[in-house]
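**Q**
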Amino acid sequence: MLEKVILKKKRIDDYAPIIGQEKVANLKEAAKPIQGLRVLHVNATAHGGGVAELLNSTIPLLNDLGLQAEWGLLCKEEPFFEVTKNFHNALQGKYYDLTPLAEKIYLKRNRLCAKMLENDYDLIVIHDPQPAALRHFHGRGNAKWIWRCHIDTSRPNMDIWNFIKPFIEEYDAMVFTMKEFVPRDIKTPCLYTIAPAIDPFTSKNIDLDVAVCKTIVAEFGINLRRPLLLQVSRFDPWKDPLGVLEVYRQVKEKVDDAQLAYIGSMADDDPEGWHIYNQVKDRVKGDSDIFLYTNLSGVHAFEVNCFQRVADVVIQKSIREGFGLVVSEALWKEAAVVAGNVGGIPLQINDGVNGLLAQNNEEFVDKVLYFLTNIKKSHEMGKRGHEYVREHFLVPRLVQEEIKLYRDLVHSSVV
Ligand code: UDP
9 MLEKVILKKK RIDDYAPIIG QEKVANLKEA AKPIQGLRVL HVNATAHGGG VAELLNSTIP
69 LLNDLGLQAE WGLLCKEEPF FEVTKNFHNA LQGKYYDLTP LAEKIYLKRN RLCAKMLEND
129 YDLIVIHDPQ PAALRHFHGR GNAKWIWRCH IDTSRPNMDI WNFIKPFIEE YDAMVFTMKE
189 FVPRDIKTPC LYTIAPAIDP FTSKNIDLDV AVCKTIVAEF GINLRRPLLL QVSRFDPWKD
249 PLGVLEVYRQ VKEKVDDAQL AYIGSMADDD PEGWHIYNQV KDRVKGDSDI FLYTNLSGVH
309 AFEVNCFQRV ADVVIQKSIR EGFGLVVSEA LWKEAAVVAG NVGGIPLQIN DGVNGLLAQN
369 NEEFVDKVLY FLTNIKKSHE MGKRGHEYVR EHFLVPRLVQ EEIKLYRDLV HSSVV
């Protein structure tokens, strides 16, 4: 049996004060015809990264709405995650030399995990490339299968794409975050685009008293009388942590008391993290105004919440980005956000309205300085950011779209 994640309890009614009673009622109504549906979600890790964050909230809500939803994990093994991180990077366009050994490691793990998958689900949702070949090795069984892609596959490395494509074309439906991510040559009976969302009731996002946040952040050595820039992201090349340091350095030439906090958790399925962390640490070179934290230095979801609420500017310097939950998280906290104009980020930020988008280091520096010197604008945009997230990127909307997909699929004649 696949390892199952122990689920939290969540109640859809709790969201009514935030999204309104009508939306909650609509969601309950939509779920009625598929109550009892047995759904299994499978991904690579229960900790670290956006997918784990999403599943932690959506699966308990599906259960509260009367479905029987479970969360299974791919059985872990070090060389496998090294291979799949390379696949992940290559699917986002990085050069990669796909070797027979890498193919063998990938297929062996998927074959083994497919044997551990029970046969009594109506729907199986497979997230991202790591478990993508489960459908192939398991066979359809009695279930409908969905492949949910969370990354930007608009310009994939063709070797890896041609390797993965036959496996995902066996699915009954595919879900991408945006239509721009859908590779042109893909064939699927059902194609959906659904954007992710954040949960206002996790310790990462729950409303907190700013005085409490200040106390917590100050305990980590930050001087809150001085400007604070923040990026929260895995240590990953696509999040451009070295670029963040560069932007900070240029900002500091103009604002000499600026500080930078970089918070980067280590995900189980991301062996690249420590390597990049060490690169970043080397570049910091004794600058005592740069603070690097990981989940191992005591910065977990609650602390991330505090940092996002007190930072003067939140940066998200991604150069490729599937969605970037961190952007919605920061907007929800009314933060002034400057983020890369890539992937799913412009879905969340209307430039100049609820945050600022930047194309390159120079623009990042200018826009960070803009926020540091225009406090009124930063508050105005922050408030609009909160409302924009309320309208578009809270988890009940995501659950609503998933339920529609399940209903369409369960009632469709795809076999
Ligand atoms: N995150 C965290 N601690 C960290 C770094 C990231 O809790 O040190 C969380 C972050 O708040 C967000 C998720 O990990 O909820 C990252 O999701 P996102 O979509 O931004 O990026 P991904 O890591 O999935 O590429």
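Numbering (the working numbering), first residue to last: 9 to 423. Glycine included, each C-beta is placed from N, C-alpha and C at the ideal position. No experiment lies behind these values; they were computed from the predicted model shown.
(1) Within the same chain, show all residues whose beta-carbon is closer than 8 angstroms to that of residue 167, passing over the 5 residues directly before and after it, in chain order.
(2) Spell out a yes or no on whether the stretch 59-66 and the stretch 203-210 are touching, meaning 3 or more CB-CB pairs, one atom from each, closer than 8 angstroms.
(3) What does the alpha-carbon distance come out to for the pair residue 375 and residue 91?
(4) Where are the alpha helix (DSSP H) runs, 4 residues long or more, that stay fully inside the stretch 232-309, in chain order?
(5) Quick one: using the 10 Å Cβ neighbour count with 16 as the cut-off for buried, is residue 18 buried or exposed?
(6) Any heavy atom of the ligand UDP closer than 7 angstroms to the CB of residue 190?
(7) According to DSSP, is residue 405 part of a helix, a strand, or is it coil?
(8) Tell me, to the nearest whole angstrom, how far the beta carbon of residue 426 is from that of residue 161; I am working on the premise that it is less than 8 angstroms.
(9) Does the stretch 400-415 come close enough to the stretch 283-291 that 3 or more CB-CB pairs lie under 8 angstroms?
(10) Considering only their Cβ atoms, is the gap separating residue 211 from residue 51 smaller than 8 angstroms?
(11) Could you tell me the boundaries of the beta strand (DSSP E) in which residue 186 lies?
(12) What's the gap between the Cα of residue 358 and the Cα of residue 364?
(13) Comparing C-alpha positions only, which one of 159, 195, 152 sits nearest to residue 173?
(14) With distances taken between CB atoms, is the gap from residue 321 to residue 379 smaller than 8 angstroms?
(15) Is it buried or exposed, residue 423, if we count other Cβ atoms within 10 angstroms and call 16 or more buried?
(16) Please name the residue in 37, 259, 202 whose C-alpha comes closest to that of residue 187.
(17) So for residue 423, helix, strand or coil by DSSP?
(18) Can the beta-carbon of residue 218 be found closer than 8 angstroms to that of residue 317?
(19) Cα-Cα, which of 55, 31, 146 is closest to residue 277?
(20) From 81, 138, 270, pick the residue whose C-alpha is nearest to that of residue 89; which is it?
(21) Give me the Cβ distance between residue 48 and residue 80, rounded to the nearest whole Å; I'm assuming they're in contact under 8 angstroms.
(22) Less than 8 angstroms between the beta carbons of residue 393 and residue 329, yes or no?
(23) Check for me: the beta strand (DSSP E) holding residue 159 runs from which residue to which?
(24) List the residues that DSSP assigns as beta-bridge partners of residue 78.
**A** To lay it out plainly:
(1) The beta carbon of residue 167 lies closer than 8 angstroms to those of 98, 104, 105, 106 in the same chain, with the five residues before and after it left out.
(2) These segments touch.
(3) Those two C-alpha atoms are separated by around 37 angstroms.
(4) Counting whole runs of 4 or more residues, the stretch 232-309 contains the alpha helix (DSSP H) stretches 249-262, 281-292.
(5) Classification of residue 18: buried, given that the 10 Å Cβ count is 16 or more.
(6) No, the ligand UDP has no heavy atom inside 7 angstroms of this Cβ.
(7) Taken through DSSP and simplified to helix, strand or coil, residue 405 comes out as helix.
(8) For residue 426 there is no data in the structure shown, the boundaries of the chain being 9 and 423.
(9) Flag = no, the stretch 283-291 and the stretch 400-415 do not touch.
(10) Taking 8 angstroms as the Cβ cut-off, residue 51 and residue 211 do not qualify as a contacting pair.
(11) Neither: residue 186 is in no beta strand (DSSP E) and is coded neither H nor E.
(12) Residue 358 and residue 364: Cα-Cα distance of roughly 7 angstroms.
(13) Considering only alpha carbons, the answer is 195.
(14) It is a contact, given that the beta carbons lie within the stated cut-off.
(15) With a pLDDT of 48 at residue 423, under the threshold of 50, the predicted position of this residue should be treated as unreliable, though the coordinate-derived value follows. Exposed, because fewer than 16 other Cβ atoms sit within 10 Å of the Cβ of residue 423.
(16) It is 202 whose Cα lies nearest to the Cα of residue 187.
(17) Unreliable placement is indicated for residue 423, whose pLDDT of 48 sits below 50; no coordinate value is reported for it.
(18) The Cβ-Cβ distance between residue 218 and residue 317 falls below 8 angstroms.
(19) The shortest Cα separation from residue 277 among 55, 31, 146 belongs to 55.
(20) The candidate whose alpha carbon is nearest that of residue 89 is 138.
(21) Going by Cβ atoms, the distance from residue 48 to residue 80 rounds to 6 angstroms, so yes, they are a contact pair.
(22) The Cβ-Cβ distance between residue 393 and residue 329 does not fall below 8 angstroms.
(23) Boundaries cannot be given for residue 159, as no beta strand (DSSP E) includes it and DSSP labels it neither H nor E.
(24) DSSP, once it has assigned bridges, lists 48 as partnering residue 78.
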